[in-house]
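Taking our numbering, the leading residue of the sequence shown gets 523, the next gets one more, and so forth.
For each residue, glycine too, the CB sits at the ideal point set by N, CA and C.
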Amino acid sequence: MQNYIGSHIAGMSMNDTLTADMKTAMKAKDKLALTTIRALKSAIKNAAIEQGGADTVLDDIAIISIIRKQVKQRHDSIEQFNKANRPELSENEQNEINVLEKYLPTAMTADEINAAVAEVVAETGAASRADMGKVMGLLQKKTDGRADGKILSQAVMKALS
523 MQNYIGSHIA
533 GMSMNDTLTA
543 DMKTAMKAKD
553 KLALTTIRAL
563 KSAIKNAAIE
573 QGGADTVLDD
583 IAIISIIRKQ
593 VKQRHDSIEQ
603 FNKANRPELS
613 ENEQNEINVL
623 EKYLPTAMTA
633 DEINAAVAEV
643 VAETGAASRA
653 DMGKVMGLLQ
663 KKTDGRADGK
673 ILSQAVMKAL
683 S
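Below is the structure:
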């Protein structure tokens, strides 16, 4: 499979990048990339409709969140396929994960997450778990989609306990 995504092109939204990559996959007759990107664009469109109607355009952070959900769904499918002794289906899901992960920003390390949590806790003056909401809101903006919300939540709980 070819790599269409060198990096997120400056000035292009994630939606524009996905559309361009879908066209490239069509021209290259790369069925895996094409079906994976189409499924992702469909999930993005459904989320946009849920948020505000057919004309709603999601920002890159919301799209990254959708990509993470798509990756998680495929990991869950792999687990189920492995239990059912269907390695060929499991392999296909893994190939789709490989396509999707190219659109995710480089994940933060545990040390980077802990440093960001400490910074936001200090910045907000949070002292207990009751302050978790305001810490999470600012933390998610600062991490810019580079860390999974569940991991951030666990780090914040640990820091505030």
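The alpha helix (DSSP H) runs lying completely inside the stretch 609-664 and spanning 4 residues or more are 609-623 and 632-646, given in chain order.
Buried is the label assigned to Gln-592, since at least 16 other Cβ atoms lie within 10 Å of its Cβ. By a beta-carbon distance limit of 8 Å, Pro-627 contacts Asp-666. Their separation comes to about 7 Å. Note that the C-beta distance between Arg-596 and Glu-618 is below 8 Å. Leu-554: member of the alpha helix (DSSP H) spanning 553-574, first to last residue. In this structure Ile-600 touches Glu-615 by the C-beta definition: roughly 5 Å separates them, less than 8 Å.
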